[in-house]
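Q: Numbering (our numbering), first residue to last: 588 to 773.
Don't be surprised by glycine CBs; every beta carbon is placed ideally from N, CA and C.
Predicted model only: the values in this text are computed from it and were never measured.
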Amino acid sequence: MAWRSHGVNNADMVRNLRANGIIKSDAVANAMMAVDRKNYCPYAPYHDSPQSIGYSATISAPHMHAHALERLKNQLTPGEKALDVGSGSGYLTACMAVMLGESGRVVGIEHIPELVNLATKNIKNDNSNLLTERIKLIVGDGRQGYPSEAPFNAIHVGAAAPNLPQTTDSSTDEIYRQMVHHTLSP
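1) Name, in chain order, the residues that DSSP records as bridge partners for E697.
2) What residues match up with Q731 in a beta bridge as DSSP calls it?
3) Measure the alpha-carbon distance for H593 versus G745 and round it to whole angstroms.
4) Which whole-angstrom value describes the C-beta separation of G673 and G688, a residue pair presumed to lie in contact below a C-beta threshold of 8 Å?
5) Would you tell me roughly how many angstroms separate the C-alpha atoms of N709 and V703, rounded to the nearest one?
6) At the level of alpha carbons, what is the spacing between I610 and H654?
7) If we count the other Cβ atoms within 10 Å of its Cβ and call it buried at 16 or more, is D635 buried or exposed?
8) Note down, in chain order, each residue of its chain lying with its Cβ closer than 7 Å to the Cβ of P773, except the 5 sequence neighbours on either side.
9) Helix, strand or coil: how does DSSP classify I710 here?
10) Can you check which of these residues, H743, R605, A606, I699, is closest to G641 by C-alpha distance?
11) Going by DSSP, what residue range makes up the beta strand (DSSP E) through V601?
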């Protein structure tokens, strides 16, 4: 049951997400246990609802992050590469990095420079080892993807766009499909 998976701490929140059937796999549970949401969300981090992270942006509710990780779990396997469009405070980017293991890599792309700085600080405070070769955070237009590191085994789009740019770059096709779905879906 979404929106009812609140917790008093990170472990309690993850247990409730699992008890409510949102988290189904050990891989997702372990990743969310390893990345404490309080390091990425300054207000009510374990409340199962979106929260402000500043700069007119929000961090998604925990059940949405769990749902996204569950949908991508077969692609977020050790050694693979992922793209997180709209990486915000860095929470889901860090969860993805944990699932990808020490030989995997996540590129987080965010158009708000202050959020890239915040995400870098958050990840450094939570687990600075992730910032070595495992996570790359960049300021950019996620609608353009990140062709210099394509292809990606998994792409998460946590941002919505009112329109899509015209391009002939086939590496962004999957991003466009996901953005259209995200923009049109409630």
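A: Looking at the coordinates:
1) V726
2) Looking at the DSSP assignment, Q731 forms no beta bridge with any residue, so it has no partner.
3) 21 Å
4) G673 to G688, Cβ: 23 Å. No contact.
5) 10 Å
6) 7 Å
7) buried
8) Confidence at P773 is low in this model, with a pLDDT of 42, below 50, so the placement of that residue should be treated as unreliable; the coordinate-derived value is given next. Taken in chain order, the list of residues that qualify is empty.
9) helix
10) I699
11) Element bounds for V601: not the beta strand (DSSP E) but the alpha helix (DSSP H), 597-606.
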